[in-house]
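Asks:
2 protein chains.
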Amino acid sequence: MAATSLENVSSSQTVKAQLALRDLILSGELKPGDRISELSVVERLGISRTPIRMALVRLEEEGLLEGIPSGGFAVKAFSEADIHDAIEVRGTLEGLAARFAAERGVSASRLADLKACLEKLDELVVRPKLTIDDFSEYVGFNREFHTLLVVAADSPALARQIDRVVSLPFASESGFVKVQAMLPEAQYILTIAQEHHRCVVRAIEDREGGRAEALMREHARLAHRNLQLALRNQRTRELVPGAVLIRRRNDF
Amino acid sequence: MAATSLENVSSSQTVKAQLALRDLILSGELKPGDRISELSVVERLGISRTPIRMALVRLEEEGLLEGIPSGGFAVKAFSEADIHDAIEVRGTLEGLAARFAAERGVSASRLADLKACLEKLDELVVRPKLTIDDFSEYVGFNREFHTLLVVAADSPALARQIDRVVSLPFASESGFVKVQAMLPEAQYILTIAQEHHRCVVRAIEDREGGRAEALMREHARLAHRNLQLALRNQRTRELVPGAVLIRRRNDF
DNA sequence: AGAATACAATCTGTATACAATATTATGCAT
DNA sequence: ATGCATAATATTGTATACAGATTGTATTCT
Numbered sequence: 065m066a067a068t069s070l071e072n073v074s075s076s077q078t079v080k081a082q083l084a085l086r087d088l089i090l091s092g093e094l095k096p097g098d099r100i101s102e103l104s105v106v107e108r109l110g111i112s113r114t115p116i117r118m119a120l121v122r123l124e125e126e127g128l129l130e131g132i133p134s135g136g137f138a139v140k141a142f143s144e145a146d147i148h149d150a151i152e153v154r155g156t157l158e159g160l161a162a163r164f165a166a167e168r169g170v171s172a173s174r175l176a177d178l179k180a181c182l183e184k185l186d187e188l189v190v191r192p193k194l195t196i197d198d199f200s201e202y203v204g205f206n207r208e209f210h211t212l213l214v215v216a217a218d219s220p221a222l223a224r225q226i227d228r229v230v231s232l233p234f235a236s237e238s239g240f241v242k243v244q245a246m247l248p249e250a251q252y253i254l255t256i257a258q259e260h261h262r263c264v265v266r267a268i269e270d271r272e273g274g275r276a277e278a279l280m281r282e283h284a285r286l287a288h289r290n291l292q293l294a295l296r297n298q299r300t301r302e303l304v305p306g307a308v309l310i311r312r313r314n315d316f
Numbered sequence: 065m066a067a068t069s070l071e072n073v074s075s076s077q078t079v080k081a082q083l084a085l086r087d088l089i090l091s092g093e094l095k096p097g098d099r100i101s102e103l104s105v106v107e108r109l110g111i112s113r114t115p116i117r118m119a120l121v122r123l124e125e126e127g128l129l130e131g132i133p134s135g136g137f138a139v140k141a142f143s144e145a146d147i148h149d150a151i152e153v154r155g156t157l158e159g160l161a162a163r164f165a166a167e168r169g170v171s172a173s174r175l176a177d178l179k180a181c182l183e184k185l186d187e188l189v190v191r192p193k194l195t196i197d198d199f200s201e202y203v204g205f206n207r208e209f210h211t212l213l214v215v216a217a218d219s220p221a222l223a224r225q226i227d228r229v230v231s232l233p234f235a236s237e238s239g240f241v242k243v244q245a246m247l248p249e250a251q252y253i254l255t256i257a258q259e260h261h262r263c264v265v266r267a268i269e270d271r272e273g274g275r276a277e278a279l280m281r282e283h284a285r286l287a288h289r290n291l292q293l294a295l296r297n298q299r300t301r302e303l304v305p306g307a308v309l310i311r312r313r314n315d316f
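One line per chain: the protein sequences are A and B, in this order.
Going by the numbering used here, the letters in the first sequence line up with residues 65 to 316, in that order.
Going by the numbering used here, the letters in the second sequence line up with residues 65 to 316, in that order.
What follows is the structure, given as structure tokens:
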């Protein structure tokens with residue numbers, strides 16, 4: 065079911081397998097701790113073992129799987145602490161990105177892109193009541209903003225590292241935005257987030273590296289709050305991306 | 065030649081291929097930009113295509129190779145800026161590790177391990193004139209210290225990210241220590257580095273997160289200085305690990 | 001009845017064959 | 001002579017077959 069939407073894309077079998085497997089994992093059909101039988105995946109996806117094997121290696125590097133000493137791969141389980149730390153790492157690296165951008169300077173056109181994105185976000189945040197569509201639009205613009213920030217940092221080495229943390233669904237910049245739609249604190253958190261966005265751009269423009277860095281770190285703290293609020297009850301918990309990978313404290 | 069030392073280890077073909085290919089790249093036999101012909105690697109290593117393919121994927125994730133859009137892999141080239149940024153990222157992440165350790169507290173035994181390592185380093189640094197053996201011993205203890213710091217942070221998510229950045233040879237904690245042996249500033253830099261080590265442990269013990277973080281960041285700056293000193297002339301340049309991957313500014 | 005061992009089924013790791021695609025070289029036309 | 005098109009070649013992506021290892025089960029011995 066989860067993979068059906070991606071069946072007919074024309075690309076390599078390896079990529080298809082990677083996307084399909086990721087969906088299988090994130091949708092919970094393959095549970096944390098499960099050893100992934102290559103043969104069963106073969107008949108489930110109708111792809112031969114070789115590209116599936118490639119996909120498994122890539123997903124291991126991505127962090128969704130872990131190698132089993134005796135051979136093969138298993139779905140990785142994450143604790144709440146893991147997610148917390150992953151968010152903290154993202155915040156730290158995005159902070160570094162903001163500092164790079166501020167200290168090294170950003171071209172006028174890139175700064176303009178950031179400001180344009182800022183305005184698109186502004187227009188949404190000031191609305192009195194946000195619809196579901198508004199939220200999904202917000203997710204898109206929010207992702208764009210974070211992408212533009214990394215571009216502004218102009219550092220391939222840093223971009224690589226950020227890509228890696230963000231690839232974990234619950235650490236991604238828009239991971240908890242969907243959850244926010246359900247929370248009473250939504251409007252408030254969005255307002256603060258947008259204040260951060262605006263100030264970071266301002267700090268970059270004014271070449272205030274330290275301030276830009278601190279702001280992005282603080283920005284990630286909002287994700288921490290969302291995480292805690294979201295995991296508190298079952299209804300919102302299910303909306304957390306990759307929630308099925310989270311093992312509760314006393315699971316073993 | 066470079067790979068011969070690893071020929072007879074008993075492990076999987078994939079791991080053998082990965083190690084051999086890494087050596088081939090780092091020794092400069094495969095030059096930056098070169099497309100890696102799978103078949104030629106097959107006859108060079110006497111390993112079939114499948115495990116070589118796996119190794120190529122892993123080396124791509126590791127950052128030594130990059131995928132070519134039309135297919136296959138090429139050896140990645142790095143600019144001096146890339147190396148600078150990789151070191152900065154490492155410093156930032158190790159700073160975060162130090163902060164985690166300080167804020168969350170470290171068990172007595174782990175703190176004792178750190179202090180023991182500190183003393184082993186101390187004993188070496190105070191020697192008036194360091195031999196080559198002293199330096200290689202220093203490299204070992206230095207690596208141990210950085211490993212212990214990551215352990216003290218007790219954060220798998222962070223450890224993963226640090227592993228990734230350290231896997232690039234020129235970003236690793238001991239990358240430039242060998243070069244230091246050739247530099248007149250050697251003793252001075254080692255003294256400062258050890259001061260950082262000592263203060264970080266102190267800061268962790270005293271639960272001073274901010275100080276611990278700042279110190280590890282500053283610590284990475286020593287690597288920046290080593291980098292600049294080392295790349296200045298050809299003799300020391302050759303000692304920089306993975307120097308063959310560095311393209312000079314006006315290479316294209 | 002419980003534990004240990006042996007056997008069987010299954011699975012992963014590796015090798016190789018095949019097919020599709022990209023690259024290169026050659027020839028022709030402008 | 002240069003540029004483009006076509007064909008030959010080489011290389012990657014995929015499928016599958018085989019061998020070694022591992023895991024689970026059943027039987028036997030204590």
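Beta carbons are placed, not taken as given, at the ideal position from N, Cα and C, and that holds for glycine.
#1: Would a check of beta-carbon distances place B/P305 closer than 8 angstroms to chain A?
#2: Quick one: what's got a C-beta closer than 7 angstroms to A/G136's C-beta in the same chain, skipping five residues either side?
#3: What is the DSSP secondary structure of A/H148, reduced to helix, strand or coil?
#4: Anything in chain A within Cβ reach of B/L160, meaning under 8 angstroms, just list it in chain order.
#5: Give a yes or no on whether the C-beta atoms belonging to A/I268 and A/V153 are separated by under 8 angstroms.
#6: When the cut-off is 8 angstroms and only beta carbons count, does A/A172 lie next to chain B?
#7: Do the CB positions of B/A58 and B/V243 come within less than 8 angstroms of each other?
#8: Is DSSP giving A/I132 helix, strand or coil here?
#9: Within this structure, are the beta carbons of A/Q82 and A/R117 separated by less than 8 angstroms?
#10: Residue range of the alpha helix (DSSP H) that B/V265 falls in?
#11: Residues in its own chain within less than 7 angstroms of B/V96 by CB, not counting five upstream and five downstream?
#12: Please list, in chain order, the residues of the segment 221-241 of chain B that have any C-beta partner in chain A closer than 9 angstroms.
#13: Expressed to the nearest angstrom, what Euclidean distance is found between the alpha-carbon atoms of B/L103 and B/R113?
#14: Are any of the Cβ atoms in chain A nearer than 8 angstroms to that of B/V214?
#15: Mapping the DSSP letters down to three states, classify B/V243 as helix, strand or coil.
#16: What separation, rounded to the nearest whole angstrom, lies between the Cα atoms of A/L70 and B/T211?
#17: Give the interface partners of B/V121 over in chain A, defined as CB-CB distance under 7 angstroms, in chain order.
#18: Between the segment 268-287 of chain B and the segment 191-199 of chain B, can you find at least three pairs of beta-carbon atoms closer than 8 angstroms?
#19: Would you kindly check if the distance between the Cβ of A/A287 and the Cβ of A/I151 is under 8 angstroms?
#20: Looking at B/L213 and A/T156, is the spacing between their C-beta atoms short of 8 angstroms?
#21: With 8 angstroms set as the bound, which would you pick, yes or no: does the beta-carbon of A/L70 sit closer than that to a beta-carbon of chain B?
#22: Counting only C-beta atoms, is B/E125 closer than 8 angstroms to chain A at any point?
#23: At a Cβ threshold of 8 angstroms, is B/S134 touching chain A?
#24: Is the segment 184-193 of chain B close to the segment 248-265 of chain B, with three or more CB pairs under 8 angstroms?
#25: Does the beta carbon of B/S75 come closer than 8 angstroms to any beta carbon on chain A?
#26: Within this structure, are the beta carbons of B/P305 and B/F209 separated by less than 8 angstroms?
#27: Closest to B/H261 by CA distance: which of B/E130, B/S143, B/D149 and B/E158 is it?
#28: I need the DSSP call for B/V153, collapsed to helix, strand or coil.
#29: For B/D149, decide whether its Cβ has a neighbour in chain A, counting only Cβ atoms nearer than 8 angstroms.
#30: Please classify B/G274: is it buried, with 16 or more other beta-carbons within 10 angstroms of its beta-carbon, or exposed?
#31: For chain A, find out if any of its Cβ atoms is closer than 8 angstroms to the Cβ of B/S219; answer yes or no.
#32: Please report the distance separating the alpha-carbon of A/A172 from that of B/V203.
#33: Suppose only complete runs of 3+ residues qualify. What are the beta strand (DSSP E) ranges in the segment 68-133 of chain A, listed by chain order?
#34: Using the beta-carbon of each residue, which ones in chain B are nearer than 9 angstroms to A/D146?
#35: Please go through the same chain and pick out, in chain order, the residues whose beta-carbon is closer than 6 angstroms to the beta-carbon of A/R163, but skip the five residues on each side of it.
Replies: Working from what's here:
#1: Interface annotation, B/P305: not in contact with chain A, CB-CB separation never under 8 angstroms.
#2: Cβ within range, chain order: R99 and I100.
#3: Note: A/H148 maps to helix in three-state DSSP.
#4: Within chain A, the residues near B/L160 are E152, V153 and T156.
#5: No. Outside cutoff.
#6: Interface annotation, A/A172: not in contact with chain B, CB-CB separation never under 8 angstroms.
#7: Examination of residue 58 of chain B is not possible in this model, given that chain B is present from 65 through 316 alone.
#8: Under the three-state reduction of DSSP, A/I132 is assigned to coil, being neither helix nor strand.
#9: A/Q82 is not a Cβ neighbour of A/R117, given a cutoff of 8 angstroms.
#10: Residue range A250 to E269 is occupied by the alpha helix (DSSP H) that includes B/V265.
#11: Going by the sequence as given, residue 96 of chain B is Pro instead of Val. Here the set comprises V139, K140, A141, L309 and R311.
#12: Answer set for the segment 221-241 of chain B: A221, L222, R224, Q225, R228, V229, L232 and A235.
#13: The alpha-carbon atoms of B/L103 and B/R113 are separated by roughly 7 angstroms.
#14: Closer than 8 angstroms: no.
#15: Here B/V243 sits in helix by DSSP.
#16: Note on A/L70: pLDDT 42, under 50, position unreliable in the model; the coordinate value appears next. Rounded to whole angstroms, A/L70 to B/T211 spans 42 angstroms at the Cα level.
#17: Within 7 angstroms of the CB of B/V121, the CB atoms of chain A belong to M118, V121 and R122, in sequence order along the chain.
#18: No: the two stretches stay apart, fewer than three of their Cβ pairs being nearer than 8 angstroms.
#19: Yes, they are a contact pair.
#20: No, the pair does not count as a contact, with Cβ atoms beyond the cut-off.
#21: Per-residue confidence for A/L70 stands at a pLDDT of 42, beneath the threshold of 50, marking its modelled position as unreliable; the derived number appears in the next sentence. A/L70 does not count as touching chain B.
#22: Yes, its Cβ sits closer than 8 angstroms to a Cβ of chain A.
#23: At a cut-off of 8 angstroms between beta carbons, B/S134 makes no contact with chain A.
#24: Under the Cβ criterion (8 angstroms, minimum of three pairs), the segment 184-193 of chain B counts as touching the segment 248-265 of chain B.
#25: With 8 angstroms as the cut-off, B/S75 does not count as an interface residue toward chain A.
#26: Not a contact, by the Cβ cut-off of 8 angstroms.
#27: Checking every option, the nearest Cα to that of B/H261 belongs to B/E158.
#28: Shown here, B/V153 sits in a helix according to DSSP, grouped into three states.
#29: Answer yes: the Cβ-Cβ gap between B/D149 and chain A drops below 8 angstroms somewhere.
#30: With fewer than 16 other Cβ atoms within 10 Å, it is exposed.
#31: Yes - at least one Cβ of chain A is within 8 angstroms of the one on B/S219.
#32: Cα to Cα, the separation comes out at about 45 angstroms.
#33: Within the segment 68-133 of chain A, the runs of beta strand (DSSP E) at least 3 residues long that lie entirely inside it are, in chain order, 129-131.
#34: Residues of chain B passing the Cβ test: S219, P220 and A221.
#35: G273, A276 and E277.
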